[in-house]
Amino acid sequence: MHLIKLTITGKGVGTDDFFETADCYFQSLNDSKQIINEEWQYEPVEGGVSLNLFCPEKDSYLAKNSTVYGKNWQKRMEEEFGCQFNFQYLGLAPEREKTSLPKNAKFFLLKTTRLSPLIDGESFLPIPLYKIPFTYHDGESHNDINFWENNYIRIEGLWMNGSVGERWAQNQLQNHDSELNKQGIESCRKIEEVTGIPTYYFLFNYRAWGHKKDKARKCPNCGGDWLIEGKTFNNFYAFKCDPCRLLSELSSNT
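Every position in the sequence shown, counted from 1, becomes a number in this note's numbering once 4 is added.
This is the structure we're talking about:
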């Protein structure tokens, strides 16, 4: 992960309106996975503020990788607050893992991870969303993927807390025809449409019905065989249905 020091100076820097607009700008960069920061820790400097950005590539932060929303928020900061942006490359972040972006992917899978929900199907390396064409109906963003990802993270958190709505949340996560998973499957369809690369949706599995029954389950969509022999719950996935573009794992709750 590459570490970038961003210094923002200007006459309007430091006001409440500035920080509100800056938050929208950085959230747009996070949505496209130009940065993986989920919080922005500002440091005061002469004439402005600075903060560290964690980027998958040295130039991830550039406007050429941004959605229309990221570009518009940056333009607004420049015009309304007189902001000047100075990006300084500091090197690899010592406390973050190294990133290596795959090339010539044979297939993708969609699964929430800390870095990006789009993953190379063979190396399991995350792929920043800005590396693929826009998927949302506005033709300017990946909002459909962002909406699904945000929903998934919140429902997964509800399930992990285990006190309220646990059963509903687990059903949303592991049933292929739940509202959540239908949203994700549609995102996969759109990714494949704009990239030409087969894109599979990852189905969570935490069923407590025994190892034998778990291995015997069929593809929930078409009813076909989809177990990959020799896989264990330690593998990233153990089930794969090519026609339905679905992947799943062996349950660790057996």
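Glycine residues also receive a C-beta, built at the ideal position from the N, C-alpha and C atoms.
My output table needs one value for residue i: the three-state DSSP class, helix, strand or coil.
i, result
"L105", "coil"
"C87", "coil"
"T25", "helix"
"S17", "Reading off the sequence shown, one finds Val at residue 17, where the question assumed Ser. Looking at V17 - three-state DSSP - the assignment turns out to be coil, as it is neither helix nor strand."
"V53", "strand"
"Y73", "helix"
"C59", "strand"
"D246", "coil"
"Y156", "helix"
"E99", "coil"
"H215", "helix"
"L207", "strand"
"S64", "coil"
"Q92", "strand"
"T258", "coil"
"S252", "strand"
"D324", "Any property of residue 324 remains undetermined from this structure, which presents the chain solely from 5 to 258."
Please report the straight-line C-alpha distance between residue i and residue j, rounded to a whole angstrom.
i, j, result
"E233", "A242", "8 angstroms"
"K68", "D181", "37 angstroms"
"F240", "E99", "24 angstroms"
"K216", "I157", "30 angstroms"
"A26", "E84", "12 angstroms"
"E170", "R80", "42 angstroms"
"F206", "S252", "5 angstroms"
"D148", "H6", "27 angstroms"
"T258", "D218", "8 angstroms"
"G74", "V168", "36 angstroms"
"W44", "Y29", "11 angstroms"
"R1", "E47", "The question about residue 1 has no answer here: the residues shown for the chain are numbered 5 through 258."
"E24", "F151", "21 angstroms"
"D124", "K107", "9 angstroms"
"M164", "L254", "18 angstroms"
"R211", "N179", "11 angstroms"
"P224", "G214", "18 angstroms"
"R249", "L162", "27 angstroms"
"E82", "N41", "22 angstroms"
"F22", "G166", "39 angstroms"
"T19", "Q31", "18 angstroms"
"N238", "L55", "38 angstroms"
"L119", "A97", "14 angstroms"
"D63", "G188", "29 angstroms"
"W77", "Y93", "22 angstroms"
Go through its chain and collect everything with a Cβ distance to residue i's Cβ below 7 angstroms, but skip five positions before and after it.
i, result
"I159", "A173, Q176, L177, L184"
"F128", "F240"
"F89", "L10, I12"
"L231", "K219, A242, F243"
"E126", "K110"
Closer than 8 angstroms by C-beta to residue i: which residues in its own chain qualify, once you throw out the five before and the five after it? Chain order, please.
i, result
"Y65", "I8, L10, L33, Q38, I39, L57, C59, F91"
"T116", "E153, Y156, I157, E160"
"G95", "H6, L7"
"L105", "P60, E61, L129, I131, P132, K135"
"C226", "C245, P247, C248"
How close, in whole Å, do the beta carbons of residue i and residue j come, if the pair is a contact with beta carbons under 8 angstroms?
i, j, result
"E153", "P121", "5 angstroms"
"G228", "K222", "6 angstroms"
"E190", "T71", "Rounded, the Cβ-Cβ distance is 19 angstroms, inconsistent with contact."
"H146", "S256", "Between S256 and H146 the Cβ distance is about 31 angstroms, and since that is not below 8 angstroms, they are no contact."
Quick one: does residue i have its CB under 8 angstroms from some CB of chain D?
i, result
"D181", "Reference to chain D is not applicable here, since this structure consists of a single protein chain."
Which residues in the same chain as residue i place their Cβ atom closer than 6 angstroms to its Cβ, once the five residues preceding and following it in sequence are excluded?
i, result
"N209", "Q178, S252, E253, S255"
"C87", "I12, G14, M81"
contact_flag[the segment 104-121, the segment 201-208] where n(CB pairs < 8 angstroms) is 3 or more: yes
Meets three-Cβ-pair contact criterion under 8 angstroms: the segment 131-145 and the segment 187-198: yes
Three or more C-beta pairs under 8 angstroms: does that hold for the segment 44-52 against the segment 11-20? yes
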